[in-house]
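Working notes, beginning with the structure itself.
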Amino acid sequence: MDYLLLQILNGVQLGLLMFLLAAGLTLTFGIMDLVNLAHGSLYMMGAYFAWTLIGLTDSFVLGALLALPATFLLGVLVEAVVMRRLYGRDHLDQVLATFGLILFFNELVRAVWGPAGKSIAVPKFLARTIEILPGVPYPAYRFAIIAVAALVALLLAWLVARTRLGMLIRAGASNRRMIAALGVNIELLFSLVFGLGAVFAGLAGLMAAPIGSVKIGMGDDILILAFVIIVIGGIGSIKGAFIAAMVVGQIDIVGRAFLPDFLKTFMSSAAASSAAPAISQVLVYVVMAGVLVWRPTGLFGQRT
Amino acid sequence: MKTRLFGPATIAALATLGMGSLPTMAQSTIKIGFVSTFSGPQAAIGEDMRRSVELAKEHLGSKMGGKPFEIIYEDDTFKPDVGKQKSEKLVLQDKVNFVTGYIWSNVLLASLKTVTDEGDTILISANAGPSQIAGELCNKNFFSTSWQNDQTPMAMGEYLNAKGVKSLYLMAGNYAAGKDMLAGVKRTFKGEIKGEDLTKWPDQLDFSAELAKIGAAKPDGIFIFYPGAHGVQFVKQWTQAGLNKTVPLYQVFSIDAITLPQLGDLALGTLGAQEWVNDLPNDQNKRFVADFKKKHNTYPSYYGAQSYDAIMLMASAAEALKGDLSNKDKVRAELKKANFKSLRGDFKFNTNQFPIQNFYIQETVKDPAGMMTVKTIATAVKDAKDPYFEKCPMK
Amino acid sequence: MIATLRTPRGLATAVLLLALAVLPLLTQAFDQRYLLSIGTRIVIWSIAAVSLNMILGYGGLVSFGHAVFFGIGGYAVGILSANGLQSGWLQWPVAIAASVFWAALVGALSLRTRGVYFIMITLAFAQLIYYVSAGLEAYGGDDGLNISRSRFTGLIDLRDKASFYWLCFALLLGTLWFCSRFANSRFGFVLRGAKSNDLRMTALGFPVFRYRLAAFTLSGAFGGLAGILLANEGAYVSPAMMSWVKSGDLIVIVVLGGMGTLFGPLYGTIAFFVLEESLPPLLDLLRKGWGEYWQIVFGPLLVLIALYAKGGIDSLLGRRHG
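Residue numbers (my numbering), protein chains in the order written: chain A, 1 to 304; chain B, 305 to 699; chain C, 700 to 1021.
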């Protein structure tokens, strides 16, 4: 029972981290109709900025807080130099250009920070475990991830539901021409939304850094999963991304925690433990394909 | 700037393609191809190998058997298919005398036949040692200056028996070497295996589910194989989960000179098995480690030491043949003698051309200057042979 | 025929095909065996690019999972070979059939979606096969599988690099011939019409979905052919053959060469391979050590192509007529 709870919590934590990454992606996608493969690069840049700034300030919190505006600025810059030229182009051009950006950022990082991975230590006050139940410890830092990501989710929900910016985002996701007709400064809005998306990606990257490592290409594989999430959820829908991220998180954990034991009932132990992660990966894509076959625009996507 | 590059690039491209068309002259330079990972998250390992190879070159005065030698580095980008293509290029286009390097078992397995059979070129693995190549796929053109995958974990298993560890939980990346490593430790470890996980390789970031399983299984120890960046991730999450207080970590190839700067204190006190340690007391090793530290202000790793040995092994053959490497039978015969000063001390080749050597147990410590490193605390096994050599048809 | 040669495009194409046709002779004369193996890969990738172009270029359907057919074709050969079935007469039809089956299934499910959803669902199905192949422990799993080449006893020995190259080249010509017939048929016309306005084509009474499905399936069949050849080229198959980056590369190639043009994919493949092989040494010429960072140049180059080089290399060869 304790064990089950612990694994569910692991799934929640993983899902929330994925949500952070997916939220920015679905925002830019929904409002600007932009396929941004380089979103994973922003995730990576957030982590590298944090590494540098934490080194300079000698404080995790301060460094992390400074890394966010840095990622925002980078986002705005990327938007102004490349993305702006891609709005209204076909998705193919966007895929191609942002694919090029991935290559560029990966090599840029290698040239600037060198090939070796970097490490961000868990801040002192979180470098311990908390007993969720007697005798069941859970890393405090993972609780911090849950808290921060949940906070961001609430903030986003508020932003989208209650503010003018949110209204524009909602309007943009369902009908792009309408916001232009409203006389809104579109350029500014798009810059802002892209920058905001970059901040979420950067935040996800720097929060993930202490449990993993800061390394080249760290955003590439996780990006595909983020895309899967927003597609399941329906492009442009924050709610959909949240629900999909939670589902994907649980699928991943179930595949690793319970599937091997299940498989062992009818195959060899070694085969079971190596087949299980493959199956759980496949499962995510099966769910996505299933959702799309059932609802071609995702769970909460706009019907066209 | 970038647009203008396009024109000249295409022209130069054609020029490069043409350039190779010079007929090869009677060889005045010895050529060595070095395949390793120089980009992506595992590039640090390749860099460590390159530094050691360059140091070997320096120690040799850039000459082998009186002839200058050239090293051509190729990046496998951590992918078997790319590694295979790069190996092919070295053999067919550069017409190298030796191909060496190879961190990853799967890259080596993909490239092996291209080099040894189709190219009839000698391949010296400076790291990877998949079981197949020690056994049924053994090849007269293949030598190793490292080990067979099972051996290092077998040494660890022996040590754990002697130490009285009763049960283990096993974890490794799900690829050729990972499977060999787990097979290796199970071969010698006599206690109970409380569970094992092969995790997605190379892109698994999170180990929380597995660590929760370990917490529930309550083994006497965890045995892991996570080379390079993955080792850092695992060790961090192991300490964050608080398991470092209850379940000790025993590792092979996961905590080393490359990952220690990132791990720092987290790794203190962990034990690992290895055939080479930076404090092995022979003269050539002292010189290698001192010169490496002076140059790069960090310790060399076993990846580097094995690469250094690979170059020295080639040099010994070139020396004996006075630089004439045209007769491959003679070259192979000379290599087989292993007549050189290895950094791990002398070793002999087994019939499958893998070393017969000692394995040591090392502990992670801080050196007097406060730098993280490992030191030898015991000899786990002496003159060990890998468990597959009898399957190799070569005698 | 003579008239075609007068246009820059016709001339360039003729020279290119001629050069490709005699490549093994050249590489043999200059003792450049590696160049022949690059040439072989270029020809095989061209077949895949032409096949992707059928749906991407003519149909406007951005499939982000086309490399999966490398994998299906390759693994069909690999798995049969690992089980001792070496005959190409058996392997190749099975591999094509498997590709057709998978393409029809994926097409039937994905073509219900539009735009980005289509991009993502094709990617998802490709990832599915990727992970399944990585989980095939008996066939090497993640490590891939060394295989022996298909046997066509008495007819052709695929181990001979020149014969194998010529076989690939002949198959490329066949693929190009098929593609030109396809593009200029009523079928191709409907597909292109649906690309610019599928509602209109539907209103005109064309069953657009069925046309697209047929195109997707054909494209898969030729993709599978490229997979068969790729497996035989390296005598090795691995999940890496169908990683999503390879699918991305194929899209890059088609766009770089010129979408919806017959020879565009061929130009694109050549340009892509030449860039990949030559940028590093070129940058090294500028300054030693820069070669390793070639993707810093290559990345922005892709951005520029996406932004400004819509017609690809094909459009550099002058305007098209008709």
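The beta carbon of each residue, even a glycine, is placed where N, CA and C say it ideally should be.
In chain C, which residues lie less than 7 Å from B:E392 when you measure between Cβ atoms?
Numbered from 1 along the second sequence, position 88 holds the residue referred to as residue 392 of chain B. Here the neighbours are Y733 and S736.
What separation, rounded to the nearest whole angstrom, lies between the Cα atoms of B:P531 and C:P723?
Position 227 of the second sequence, counted from the start, is the residue given in the question as residue 531 of chain B. Position 24 of the third sequence, counted from the start, is the residue given in the question as residue 723 of chain C. If I take the Cα positions, the gap works out to 42 Å.
Tell me the rounded alpha-carbon separation between B:K590 and B:F338.
The residue labelled residue 590 of chain B in the question sits at position 286 within the second sequence. The residue labelled residue 338 of chain B in the question sits at position 34 within the second sequence. For B:K590 and B:F338, the distance between alpha carbons rounds to 25 Å.
For C:T812 and chain A, any beta-carbon pair shorter than 8 Å?
Along the third sequence, one-based indexing puts residue 812 of chain C at 113. True, the Cβ-Cβ gap to chain A drops below 8 Å.
Going by beta-carbon coordinates alone, are B:M485 and B:N453 separated by less than 8 Å?
Your numbering for residue 485 of chain B matches position 181 in the second sequence. Your numbering for residue 453 of chain B matches position 149 in the second sequence. Result yes, Cβ atoms of B:M485 and B:N453 sit closer than 8 Å.
Using a Cβ-Cβ cut-off of less than 8 Å, list which residues of the stretch 207 to 224 of chain A approach chain B; keep chain order.
Per Cβ criterion, the list reads A208, P210, I211, G212, S213, K215, I216, G217, M218, D221 and I222.
Considering only C-alpha positions, which residue in the set A:L223, A:V82, A:L188 and A:A23 is nearest to A:G100?
Residue 100 of chain A sits at position 100 when you count from the first residue of the first sequence. The shortest C-alpha separation from A:G100 is found at A:V82.
Whose Cβ in chain C lies nearer than 7 Å to the Cβ of B:A480?
If you number the second sequence from 1, residue 480 of chain B lands on position 176. What B:A480 touches in chain C: D842.
With a threshold of 7 Å on Cβ separation, who are the neighbours of B:M698 within its own chain once the five nearest residues in sequence on each side are excluded?
Locating residue 698 of chain B in the second sequence gives position 394, where the first residue counts as 1. C442, K444, T655 and N656, listed in sequence order.
When you compare only the Cα positions, how much space is there between C:R858 and B:Q389?
As a working mapping, residue 858 of chain C is identified with position 159 in the third sequence. As a working mapping, residue 389 of chain B is identified with position 85 in the second sequence. Approximately 17 Å, taken between the alpha carbons.
Could you list which residues in chain B have their beta carbon closer than 7 Å to that of A:P134, in chain order?
The count along the first sequence starts at 1 and reaches residue 134 of chain A at position 134. The premise fails here: A:P134 is roughly 14 Å from chain B at the closest Cβ pair, so nothing lies under 7 Å.
Compare the C-alpha of A:I31 against each of A:V160, A:A245 and A:V199 and name the closest.
On the first sequence, residue 31 of chain A is found 31 positions in, with the first residue counted as 1. Selected option, being the one with the closest Cα: A:V160.
Closer than 9 Å between beta carbons: that is the criterion. Which residues of the stretch 605 to 620 of chain B meet it against chain A?
Listed by position, the residues of the stretch 605 to 620 of chain B near chain A (Cβ gap below 9 Å) amount to none.
Would you say B:L509 lies against chain A (beta-carbon separation less than 8 Å)?
As a working mapping, residue 509 of chain B is identified with position 205 in the second sequence. Judged by the 8 Å Cβ criterion, B:L509 is in contact with chain A.
Count the other C-beta atoms from every protein chain shown that fall within 10 angstroms of the C-beta of C:A713, then say buried if there are 16 or more, exposed otherwise.
Residue mapping note: residue 713 of chain C aligns to position 14 of the third sequence, counting from 1. With fewer than 16 other Cβ atoms within 10 Å, it is exposed.
Relative to the alpha-carbon of A:R256, which residue among B:K645, B:E514 and B:L570 has its alpha-carbon at the smallest distance?
Working through the first sequence from its first residue, we reach residue 256 of chain A at position 256. Taking only the C-alpha atoms, the option nearest A:R256 is B:E514.
What are the residues that DSSP puts in a beta bridge with B:K371?
Here residue 371 of chain B refers to the residue found at position 67 when the second sequence is read from its first residue. Answer by DSSP bridge pairing, in chain order: B:M368.
Could you give the distance in angstroms between the alpha-carbon of B:K490 and the alpha-carbon of B:G461?
In the second sequence, residue 490 of chain B corresponds to position 186, counting from 1. In the second sequence, residue 461 of chain B corresponds to position 157, counting from 1. Answer to the nearest angstrom: the Cα atoms are 7 Å apart.
Helix, strand or coil: which one does DSSP assign to B:L309?
Along the second sequence, read from residue 1 onward, the residue named residue 309 of chain B stands at position 5. With a pLDDT of 36 at B:L309, under the threshold of 50, the modelled position of that residue is not reliable, and the figure given next carries that caveat. Here B:L309 sits in helix by DSSP.
Name the one or two DSSP bridge partners that B:S471 has.
Residue numbering aside, residue 471 of chain B sits at position 167 when the second sequence is read from its first letter. DSSP, once it has assigned bridges, lists B:E496 as partnering B:S471.
Considering only their Cβ atoms, is the gap separating B:S415 from B:A481 smaller than 8 Å?
Position 177 of the second sequence, counted from the start, is the residue given in the question as residue 481 of chain B. Position 111 of the second sequence, counted from the start, is the residue given in the question as residue 415 of chain B. Contact: no.
Can you pull the chain C neighbours of B:P345, defined as C-beta to C-beta under 7 Å?
Reading the second sequence from its first residue, position 41 is the one you call residue 345 of chain B. Chain C residues near B:P345: none, gap ~15 Å exceeds 7 Å.
Kindly list, in the order they appear in chain B, the residues whose Cβ is closer than 8 Å to that of C:E991.
The residue you call residue 991 of chain C lines up with position 292 of the third sequence. Chain B residues near C:E991: F342, S343 and D379.
Between the alpha carbons of B:E700 and B:K393, how many angstroms are there, rounded?
Residue 700 of chain B lies beyond the residue range present for chain B, which begins at 305 and ends at 699; the question has no answer from this structure.
Reducing DSSP to helix, strand and coil, say where B:L553 ends up.
In the second sequence, residue 553 of chain B corresponds to position 249, counting from 1. In the structure shown, B:L553 sits in a strand (DSSP, three-state: E or B).
Whole angstroms is fine: what's the gap from C:D842's alpha carbon to B:L413's?
Position 143 of the third sequence, counted from the start, is the residue given in the question as residue 842 of chain C. Position 109 of the second sequence, counted from the start, is the residue given in the question as residue 413 of chain B. Distance between the alpha carbons of C:D842 and B:L413: 8 Å.
Please report the distance separating the alpha-carbon of B:Q610 from that of B:W580.
As a first step, residue 610 of chain B must be located in the second sequence, where it is residue number 306. As a first step, residue 580 of chain B must be located in the second sequence, where it is residue number 276. The straight-line gap from Cα to Cα measures roughly 8 Å.
In chain B, what lies closer than 9 Å to A:Y3 by C-beta?
Reading the first sequence from its first residue, position 3 is the one you call residue 3 of chain A. The contacting residues are A516, K517, G519 and A520.
Interface residues of chain C around A:V231 at Cβ under 7 Å?
In the first sequence, the residue the question calls residue 231 of chain A occupies position 231. The contacting residues are Y816 and M819.
I'd like to know if C:G770 contacts chain E, where contact means its C-beta is closer than 8 Å to some C-beta of that chain.
Here the protein chains are A, B and C, and chain E is not one of them.
At a CB-CB cut-off below 9 Å, which residues of chain C make contact with B:L396?
As a working note, residue 396 of chain B is residue 92 in the second sequence. The contacting residues are Q731, R732, Y733, L734, L735 and S736.
Out of curiosity, what's the CA-to-CA distance linking B:Q397 and C:D730?
Position 93 of the second sequence, counting from 1, holds the residue named residue 397 of chain B. Position 31 of the third sequence, counting from 1, holds the residue named residue 730 of chain C. Cα to Cα, B:Q397 sits roughly 9 Å from C:D730.
Which residue wins for smallest C-alpha separation from B:E667, given the options B:P691, B:G546, B:S558 and B:D595?
Here the question's residue 667 of chain B lines up with position 363 in the second sequence. Per the Cα distances, B:S558.
Run through the DSSP bridge pairs and tell me what B:I660 is partnered with.
Stepping through the second sequence from its first residue, residue 660 of chain B is reached at position 356. DSSP output for B:I660 lists B:K652 as bridge partner(s).
Decide if the stretch 787 to 806 of chain C is in contact with the stretch 257 to 267 of chain A; the criterion is three or more beta carbon pairs, one per stretch, under 8 Å apart.
Verdict: no, contact absent.
Given that A:F227 touches chain C, what residues does it touch there, using C-beta distances under 7 Å?
Reading the first sequence from its first residue, position 227 is the one you call residue 227 of chain A. Correct list: M819.
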